[in-house]
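Residue numbers (the numbering used here): -15 to 260.
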């Protein structure tokens, strides 16, 4: 890996292993990705389950299939796929805390015979060529220093006919640079793409785009719900991670809510196939 990639990987790991882990684990819960809101007043946990269902609805997997889940968080989507399809899932991450908690949750759910966890960096995967039937990821590519390389690695490890399915947060073309930098800062992202960037890179990597959907209307409700929970439990979190961290996080979440409402931050679904 280049020094730039190594630096970004280190910063991302520090972010998820640091104060953010308290917020993700105790506010977001087992799932730490965006939710699909279908009813007024719906809570984020149920909306995140719905997004898992919507992604899985696009997949055709069986008990013999092997899935690589990249940037797995606490492994909730990996467990969801294993339960729904009976498939084997290898859940990977660079956060030691998330991997450890994911293993415990998976053991508690009795799914450790189908879901395993391993440290892996999606820029340079340690897995053999053509070793997976499906590669999945939810809101992880935004952390990639070299997204083109990440997609090349996804193509490499997939079997011919294999499926790449992912959702990611996007920053829209034309977003002022100052706003873009503030968006990046909350999640320590080096760069966030827009739709056309992903479509072009998928084609360049060799994939055929099979499905795509814009779910951006869920950005503001997701981060608004998290911010409301943080403010409701402010005293508790100030004692645990400090007032300045809570203030900074709350302000950053508000900026993301505004960014979603203003059309600066998007969220989209992509499904692509490696040709036979």
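Positions of the beta carbon are idealized from the N, C-alpha and C atoms, including for glycine.
Buried or exposed (CB count within 10 angstroms, at least 16 for buried), residue i
i, result
"residue 131", "buried"
"residue 160", "exposed"
"residue 14", "buried"
"residue 209", "buried"
"residue 246", "exposed"
"residue 216", "exposed"
"residue 117", "buried"
"residue 144", "exposed"
Enclosing beta strand (DSSP E) for residue i [first to last residue]
i, result
"residue 53", "50 to 54"
"residue 172", "Unbroken run through residue 172: none, as it is neither H nor E."
"residue 12", "Note, residue 12: premise wrong, no beta strand (DSSP E); not H, not E."
"residue 20", "Looking at the DSSP string, residue 20 is not in any beta strand (DSSP E), and its letter there is neither H nor E."
"residue 74", "72 to 77"
"residue 212", "Unbroken run through residue 212 is the alpha helix (DSSP H), 203 to 216; no beta strand (DSSP E)."
"residue 250", "249 to 257"
Residue j beta carbon less than 9 angstroms from that of residue i
i, j, result
"residue -1", "residue 141", "no"
"residue 254", "residue 178", "no"
"residue 71", "residue 50", "yes"
"residue 52", "residue 126", "no"
"residue 146", "residue 258", "yes"
"residue 63", "residue 93", "yes"
"residue 23", "residue 78", "no"
"residue 211", "residue 234", "yes"
"residue 154", "residue 120", "no"
"residue 241", "residue 105", "no"
"residue 139", "residue 122", "no"
"residue 111", "residue 148", "no"
"residue 74", "residue 203", "no"
"residue 1", "residue 81", "yes"
"residue 3", "residue 225", "yes"
"residue 169", "residue 256", "no"
C-alpha gap between residue i and residue j, whole angstroms
i, j, result
"residue 43", "residue 31", "19 angstroms"
"residue 173", "residue 124", "10 angstroms"
"residue 175", "residue 115", "29 angstroms"
"residue 243", "residue 249", "5 angstroms"
"residue 39", "residue 136", "22 angstroms"
"residue 128", "residue 158", "21 angstroms"
"residue 90", "residue 100", "8 angstroms"
"residue 261", "residue 134", "Only positions -15 to 260 of the chain appear in the structure, and residue 261 is not among them; the question remains open."
"residue 198", "residue 20", "11 angstroms"
"residue 45", "residue 69", "6 angstroms"
"residue 251", "residue 98", "29 angstroms"
"residue 48", "residue 65", "13 angstroms"
"residue 26", "residue 11", "15 angstroms"
"residue 193", "residue 103", "28 angstroms"
"residue 189", "residue 35", "26 angstroms"
"residue 181", "residue 187", "10 angstroms"
"residue 185", "residue 195", "15 angstroms"
"residue 205", "residue 55", "23 angstroms"
Extent of the continuous alpha helix (DSSP H) to which residue i belongs
i, result
"residue 277", "Here the chain has residues from -15 to 260 only, and residue 277 is not among them."
"residue 36", "28 to 41"
"residue 136", "131 to 141"
"residue 193", "Where residue 193 is concerned, there is no enclosing alpha helix (DSSP H), although the beta strand (DSSP E) it sits in stretches over 192 to 198."
"residue 189", "179 to 189"
"residue 3", "3 to 7"
"residue 108", "Counting along the chain, residue 108 falls outside any alpha helix (DSSP H), and DSSP gives it neither H nor E."
Distance cut-off 8 angstroms: residue i Cβ against heavy atoms of the ligand ZN
i, result
"residue 91", "The ligand ZN is absent from the structure shown, which contains no ligands of any kind."
* Is the region 57 to 72 in contact with the region 22 to 31, if contact means three or more CB pairs nearer than 8 angstroms? -> no
* Do the region 1 to 11 and the region 217 to 236 touch if we need at least three Cβ pairs shorter than 8 angstroms? -> yes
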